[in-house]
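Oh and the sequence shown: position 38 is 41 in the working numbering, straight run, nothing missing. C-beta: ideal position from N, C-alpha, C; glycine also. Comments concern the structure below.
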Amino acid sequence: MQKEKRLKDLLRVGNCIVKNFQHKREEDVSDQALFFSQVDIKLVARVLRMSRITSEQLGWCQEKLNRIAFVGRKAHRETSFMPFPC
């Protein structure tokens, strides 16, 4: 999944010790966006690994992935009211 790879790259860049000393740590909001994006992608992956998937669950997965966007080197995530598929 392309979004999962992009998210891992962003997390890997944040772990560099030199960059942490050179640059001020970004706001907690961006850290929360990365964390919740990672949680969303893991939930979608878990649903897609189920043996039986309904079309409603596939729609939920598509909505979750559409709510995550990468602009430059930052992850942007729209809030969702349904954390789990029906």
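(request) Under 6 Å Cβ to Cβ from K67, same chain only, skipping five residues before and after it: list those, please. (result) D43 and V47
(request) Note the first and the last residue of the continuous alpha helix (DSSP H) segment covering S58. (result) S58 to N69
(message) Once the 5 residues before and after F73 are set aside, which same chain residues still bring their CB inside 7 Å of it?
(response) Hits under 7 Å: R9.
(request) Quick one: residues in its chain with C-beta nearer than 8 Å to the C-beta of L51, no 5 flanking neighbours on either side, listed in chain order? (result) C64
(request) Please classify S40: is it buried, with 16 or more other beta-carbons within 10 angstroms of its beta-carbon, or exposed? (result) buried
(message) Suppose the cutoff is 8 Å on Cβ atoms and the five residues either side in sequence are ignored; what does the same chain contact list for L14 look like?
(response) L37 and Q41
(request) Grab the span of the beta strand (DSSP E) containing R80 for me, first residue to last. (result) K77 to R80
(message) Quick check: is any heavy atom of the ligand MN less than 8 Å from the C-beta of F39?
(response) In terms of ligand content, the structure shown is empty, and the ligand MN therefore cannot be addressed.
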